[in-house]
Structure formats: structure tokens, C-alpha cells
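Below you'll find the structure, written out as C-alpha cells, and then a few comments.
There are 4 protein chains.
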Amino acid sequence: MPKKRQILVIGNNENGCTPELELLAYEVGKEVAISGSVLITGGLGGVMRAACHGAHDAGGLTVGIIPQDDASFANEYCDIVIPSGLGLSRDFLNALASDGVIVVGGGSGTLSEMCAAYMHKKPIAALRKSGGMAAKFADQYLDHRQNVKIVGVDTPQDAVKYILDKITA
Amino acid sequence: MPKKRQILVIGNNENGCTPELELLAYEVGKEVAISGSVLITGGLGGVMRAACHGAHDAGGLTVGIIPQDDASFANEYCDIVIPSGLGLSRDFLNALASDGVIVVGGGSGTLSEMCAAYMHKKPIAALRKSGGMAAKFADQYLDHRQNVKIVGVDTPQDAVKYILDKITA
Amino acid sequence: MPKKRQILVIGNNENGCTPELELLAYEVGKEVAISGSVLITGGLGGVMRAACHGAHDAGGLTVGIIPQDDASFANEYCDIVIPSGLGLSRDFLNALASDGVIVVGGGSGTLSEMCAAYMHKKPIAALRKSGGMAAKFADQYLDHRQNVKIVGVDTPQDAVKYILDKITA
Amino acid sequence: MPKKRQILVIGNNENGCTPELELLAYEVGKEVAISGSVLITGGLGGVMRAACHGAHDAGGLTVGIIPQDDASFANEYCDIVIPSGLGLSRDFLNALASDGVIVVGGGSGTLSEMCAAYMHKKPIAALRKSGGMAAKFADQYLDHRQNVKIVGVDTPQDAVKYILDKITA
Numbered sequence: 001m002p003k004k005r006q007i008l009v010i011g012n013n014e015n016g017c018t019p020e021l022e023l024l025a026y027e028v029g030k031e032v033a034i035s036g037s038v039l040i041t042g043g044l045g046g047v048m049r050a051a052c053h054g055a056h057d058a059g060g061l062t063v064g065i066i067p068q069d070d071a072s073f074a075n076e077y078c079d080i081v082i083p084s085g086l087g088l089s090r091d092f093l094n095a096l097a098s099d100g101v102i103v104v105g106g107g108s109g110t111l112s113e114m115c116a117a118y119m120h121k122k123p124i125a126a127l128r129k130s131g132g133m134a135a136k137f138a139d140q141y142l143d144h145r146q147n148v149k150i151v152g153v154d155t156p157q158d159a160v161k162y163i164l165d166k167i168t169a
Numbered sequence: 001m002p003k004k005r006q007i008l009v010i011g012n013n014e015n016g017c018t019p020e021l022e023l024l025a026y027e028v029g030k031e032v033a034i035s036g037s038v039l040i041t042g043g044l045g046g047v048m049r050a051a052c053h054g055a056h057d058a059g060g061l062t063v064g065i066i067p068q069d070d071a072s073f074a075n076e077y078c079d080i081v082i083p084s085g086l087g088l089s090r091d092f093l094n095a096l097a098s099d100g101v102i103v104v105g106g107g108s109g110t111l112s113e114m115c116a117a118y119m120h121k122k123p124i125a126a127l128r129k130s131g132g133m134a135a136k137f138a139d140q141y142l143d144h145r146q147n148v149k150i151v152g153v154d155t156p157q158d159a160v161k162y163i164l165d166k167i168t169a
Numbered sequence: 001m002p003k004k005r006q007i008l009v010i011g012n013n014e015n016g017c018t019p020e021l022e023l024l025a026y027e028v029g030k031e032v033a034i035s036g037s038v039l040i041t042g043g044l045g046g047v048m049r050a051a052c053h054g055a056h057d058a059g060g061l062t063v064g065i066i067p068q069d070d071a072s073f074a075n076e077y078c079d080i081v082i083p084s085g086l087g088l089s090r091d092f093l094n095a096l097a098s099d100g101v102i103v104v105g106g107g108s109g110t111l112s113e114m115c116a117a118y119m120h121k122k123p124i125a126a127l128r129k130s131g132g133m134a135a136k137f138a139d140q141y142l143d144h145r146q147n148v149k150i151v152g153v154d155t156p157q158d159a160v161k162y163i164l165d166k167i168t169a
Numbered sequence: 001m002p003k004k005r006q007i008l009v010i011g012n013n014e015n016g017c018t019p020e021l022e023l024l025a026y027e028v029g030k031e032v033a034i035s036g037s038v039l040i041t042g043g044l045g046g047v048m049r050a051a052c053h054g055a056h057d058a059g060g061l062t063v064g065i066i067p068q069d070d071a072s073f074a075n076e077y078c079d080i081v082i083p084s085g086l087g088l089s090r091d092f093l094n095a096l097a098s099d100g101v102i103v104v105g106g107g108s109g110t111l112s113e114m115c116a117a118y119m120h121k122k123p124i125a126a127l128r129k130s131g132g133m134a135a136k137f138a139d140q141y142l143d144h145r146q147n148v149k150i151v152g153v154d155t156p157q158d159a160v161k162y163i164l165d166k167i168t169a
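Residue numbers (UniProt numbering), protein chains in the order written: chain E, 1 to 169; chain X, 1 to 169; chain D, 1 to 169; chain U, 1 to 169.
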């Protein structure tokens, strides 16, 4: 009985999110759910909330790992909340809690999660048309170590497919 | 759409666990699942594994939050694994991830989780016949602050009932 | 060039501290400084502040590891502040940052630090006349593992002497 | 009695470090010490070790915050060691423990520390000729928020001067 697959979706919080990014994140969350994987997010707003919303609408299971020590800060689409009490260093927890990561836009918090995932050699897919860190680092390595390539993808379906292929490889 | 109820079960790991404690923990896990709550544990052996086993057999959902940074260290009954990479300080994460705590026996690690739960004012039930920290602190406060009483109970059913009553109160 | 010796002093914060405990903690801090060791504390009030004050007056070096992510919460006698941003789980950081621990009174937070130190097998001395957790656990093991005995002592001098003997043994 | 100034120096560990980077980091550490500031580093090899060495030779005080839970992993020029037991998420601790950050080269771990410092709005100076993340992000903001500009500098002296000016401003 192996554990379920766990896919982390990261990207802009309310600050910097747009309706287009939210729609994209919603679709990513939906695809994660359809694949039978558990959706992990940082549990707050923007891309995190939209991805949870999409997974929820598709009947999936969602986990929100938030910086605060009180579950009430999580968005309303989190089935399970881990109120870490660790502040922003919960970014590392998110990365570790995942079998793979999908990036939708994103700023410095997203980049910090990408670094954590990269250092722990998690597969990472970046929606290259979503701007932000996803666009900036798509198809690149984060550094000279070449731990894992951040693979650029065009659609939510491709993103989930890439991660699943890597996990089961 | 509020999140699911999350109940943490803590107690001896392999070191110090007995067949009697495992059986008790199995029953506690089963009752947590029957109540429709998510079972949270530290994800390793002994009481943690037995509780996950019980919840699993009753069709429940189990989350293991482990000290290591690699999910493969979790017991085989964890549906979702959070490999915290935080070492033993993940005891605080367990406490924060719960709406209430049930104590089955236990040593110093269990006591550290009880302290974390107490400081964050989570309801705590202790199976008073299970020995260890559960027996030592049943029906007591941990300190002069009297944050929450560690309520002694006699059966797994009573333990879960106490936590649910407190959560929905 | 080995690192300096680092001694952690733990006990009541403002809530539960008394002038007698503060005086005792001040003397403990002073003795830590006289021994040439760095004083580590949780960096806040009560026993933590008094110990830093004592070490400071004796020309010692003090480090405060606080729960908040902003150094301004530390007491004014901390030379170096580590604003952990980890909330109360910084109790584990305190224990890990020490070569040995001295307990002055204390409630549930102090007990959590004692558990962390015990699990990591740090030498622990408890001022047995200081009440609280120090009195409750002096001359006892925290659990069946018997990792380290919490050694009861009568004076700040004895406390520091015990820790130094253990560190250099 | 305010706390001492604390300056974090980050950059390549043994993997990716060069004699040139080590020399530069040595000079940065020396300048930090000459300024009377405490040097904070991640406590391991490469740039971290060289900076500690430089500060040590100039009579400064050095603190190493390491991922492991055992002080023996720190380099020999750390006066004080905080063995965090937090794995790579100690990158956030480093950033929080600083009043300002100086970047010497660096890969993904360095970038993660830059993200943490940026999110917490710490002043950041990057030695623009040192390659790696320092060169890549010198004179840029990490994202659209424009929290703090990563200011490019040419010499260790300029780096320390920039941080001190910002801290005392």
C-alpha cells in the first residue's frame, strides 16, 4: 500500500495574481485531481486557492501547508490543513511534501520553493506562458549542479503528465 | 466547506511499544476513522503505525508527518506523507496539525508533543490505563497556566468522543 | 580551534517568574559567563532575561533564540539574536544549540525544551529548589530510555560545574 | 544596549567554490570583523568557511547555523554553532538571523537564502564579479514586489559599507 502521489502547485499569491493565472491554476488543480493525485499547496490565496478550487471541483483531495499556526488562515478549498507555524520557511516543507512540482507564474516565494524542490531533486514543470518565475526558469537548470531541469510545458495536462511520468519512471 | 477534522494520535514508537499498546492504538485509529476524522500521526512505528493500520482498515484517511526528508521512512499505512526534514522538532508540527490529541502510553517524544499541544491549547485525551506519559499526566494540567486539562479516558471510543465534543463545542 | 562552550538556561518567562527566580537566574547567567561559556537562552523575559542580565554584567556573551522573526522582541541583554520565525518549535533549536542545559523553575515551555535536550542526550542540571519543572524532574529520567539523568543541584555554581564536567569529560 | 550588528555572508559551498571565490570570501569575512559586526554564515565549507576564516583572523566573532543537528559538522572557524537540525530549511534561519546579506557567487542554496532575505526585506549586496547568483541578480529585484534591490558592489569593502549604511540609516 504505497502512499498516494502528492503534487505541489506553486505560484503567485493574491499579490501579483491575475484572473488569467487563477484560471490556469484552477485547471492545473483539476488535472491533478483527475489524475488521482493529492494536491499540495501553500494553502493561501491566488494560485494556491485557485488550484485547490479546481481540485475540489474535480473531486480531489487538497492539503494546504500554511505559514501560520492557525488553520483558519487557509483557503476554503483545503480539505486538510497543516498550520506549520514556521513562517515562510514552510516553503521547504511544501517542496519536501511533494513528489513533483508545477509552477504557475510566481514571485520570490515561488522561487524559494523552486530552490527547495531543486535541491531535493524533485521533478519540476513550469507553465512557460504563465509569466513570473515559471517563464523565467522554464527549460533551465537553477545552477551549475544541474540537479533537475525545470521543464517548460504549455498546458495543465502536459504539466501533470510530465510529473506523473517522472514519478512512476 | 470547512476542512476535515484532524485528530493526532501519539505514543511510543517501536522502542517501548508492546502488543497491548499496539492493539489499543489500532482501536484508537479505527475510532478516529469511523468518526469521519483524518488521522494525523508522526508516521513512524509502534503506536503511530498501529493507529494508521486501524484507521486504514476502517476506511479512513491517514497523514504521517515524519522527521526525515524522505517519504520512504513512513509506515505503510500512511496515505499522505509529509517528510518534514525538521528532525524531532516535527513534534510541534504534529501538534499544530491537529484539532485534538489522543495519548497512548508514550515517552519523552510523546511528552514533547503533549507540551506543544498544551501550549497551543489543543484538547488532549489520555488513555489512563496505557501507562507512560498518558498515565502520568491523565487528569492533570501540565503547568500552572492550566491551559487545557489532559483528560483521562478509559476507552478509544471515549477518547474520540471527548475530542469531537471539544472540537464542535 | 574548537567552538566555544554553549550553555542553555531555561525556565519561566514573565508568566510565572518571581523575583526569587529572577535572582537565581541572574546568578546562573553570571556563573555561565565566569566559566567562559556562551549563554544561550530563548531570548525573551523572566528567567531568560535575568540570566542574560547576569551574564552581561559578568562580561559574558549572550545569544537569544526567539520564536518571532524580528530581533526587536529579544530582551536587551542579548548580544546576538536569532529571530527564528519558527514559533514555539524554536524550543528544539535552543536545545540543539547547547552543549548542556540548566533548568530554573519552568512550565510547559521549559518542559518541552527539557524533552528536546533529553532526546538529544544533552547533560541537564536542574536547580531543585527553584520549583516548577526543575523541582518536578530533578534526579529523574524523563522516560524509560534513561537517555540522561536530570541531575538535581543546589546552587548556580554547582549547576555550571556539573555541565562543564560533562562537556569536557 | 542594542544587540551587535549581524551580517550574513552566503555563497558556494565546496561544490562549486574556487580559490578565487575563497579569497574573496576571506576578505569579506575580514571586513565584516573589522567593522565590529558579527559574521553569520551557514557554517559549512567553501565561501562559508573562507568567510569565517577571514573574520577569525581579523579577531571577529563568527556564528555558523548548520543544517545538521550536531555541531561537529561546522567548519573550524565558527566560534558559536547553531546545529539547527532543520535540514536545508535553515537557509531561512540564516536570513532571519541577519541585519544584512553579502552574496559571493553561489548556486541554488544561495538563491534560496536570497529569496528568504528578500521576502524579509533585508539589505542585500552582491559582489558582481563573483559569478553565480551574485552576478546573475546584481542590481536587480527578485520579483515585481521590488522589496529590496540586490545592490551590485565591486569590493568586499563596498559590500560591508553598503550593509552598514543601510542598517544604521
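Each residue gets a CB set at the ideal place from its N, CA and C atoms; glycine is no exception.
Note that this is a predicted model, so its numbers are computed, not measured.
- In the three-state reduction of the DSSP assignment, residue 155 of chain E falls in the coil class.
- Rounded to whole angstroms, the separation of the alpha carbons of residue 97 of chain X and residue 82 of chain E is 5 Å.
- Non-local C-beta neighbours of residue 113 of chain U in its own chain, meaning closer than 6 Å and more than five positions away in sequence, comprise 10, 91, 94, 95, ordered along the chain.
- When rounded, the separation of the alpha-carbon atoms in residue 58 of chain E and residue 27 of chain E is 10 Å.
- Exclusion of the five residues before and after residue 121 of chain U leaves 147, 148 as the residues of its chain whose Cβ lies within less than 8 Å of its Cβ.
- Annotation: the stretch 31-111 of chain E contains the following complete segments of the beta strand (DSSP E) (minimum length 3 residues), in chain order: 38-41, 62-66, 80-83, 100-104.
- Nearest to residue 142 of chain X by alpha-carbon distance, out of X:126, X:153, X:60, is X:126.
- The stretch 61-76 of chain E and the stretch 33-40 of chain X do not touch, with fewer than 3 CB-CB distances between them shorter than 8 Å.
- DSSP places residue 169 of chain U outside any alpha helix (DSSP H), giving it a letter other than H or E.
- Per DSSP, reduced to three states, the secondary structure at residue 9 of chain D is strand.
- For residue 116 of chain U, the nearest beta carbon of chain E is closer than 8 Å to its own beta carbon.
- 8 Å or more divides the Cβ of residue 8 of chain E from the Cβ of residue 62 of chain E.
- Straight-line measurement puts the Cα of residue 85 of chain E at about 25 Å from the Cα of residue 6 of chain U.
- The shortest CA-to-CA distance from residue 22 of chain U to any of U:49, U:164, U:151, U:100 is the one to U:49.
- Only residues of its own chain outside the window of five on either side were considered, and among them 83, 85 have a CB closer than 6 Å to the CB of residue 69 of chain D, listed in chain order.
- A direct Cα-to-Cα measurement between residue 155 of chain E and residue 134 of chain E gives close to 13 Å.
- When C-alpha distances from residue 24 of chain U are compared across U:157, U:165, U:168, the shortest belongs to U:157.
- Closer than 8 Å to the CB of residue 84 of chain X there is at least one CB belonging to chain E.
- At the C-beta level, residue 153 of chain U and residue 128 of chain U come within 8 Å of one another.
- In this chain, the alpha helix (DSSP H) harbouring residue 135 of chain X covers 132-137.
- Of the residues assessed, residue 15 of chain D falls on the exposed side of the cut-off, its CB having fewer than 16 other CB atoms within 10 angstroms.
- When rounded, the separation of the alpha-carbon atoms in residue 123 of chain E and residue 51 of chain E is 19 Å.
- Along the stretch 68-102 of chain E, the positions whose C-beta sits under 8 Å from a C-beta of chain D are 69, 85, 86, 87, 88, 89, read in chain order.
- For the C-beta of residue 143 of chain X, the chain D residues within less than 7 Å are, from N- to C-terminus, 107, 108.
- With its beta carbon at least 8 Å from every one in chain E, residue 140 of chain X lies outside the interface.
- Going by C-alpha positions, residue 110 of chain U is about 8 Å away from residue 103 of chain U.
- The shortest C-alpha to C-alpha distance from residue 45 of chain D to any of D:67, D:139, D:165 is the one to D:67.
- Distance between residue 64 of chain D and residue 116 of chain E, taken at the CA atoms: about 27 Å.
- As a beta-bridge residue in DSSP terms, residue 127 of chain E pairs with E:153.
- Look at residue 63 of chain U: its C-beta is under 8 Å from a C-beta on chain D.
- Residue-level contact check: residue 15 of chain D touches chain X, since one or more beta carbons of chain X fall below 8 Å from its beta carbon.
- Residue contact check for residue 30 of chain U against chain D: no CB pair falls below 8 Å.
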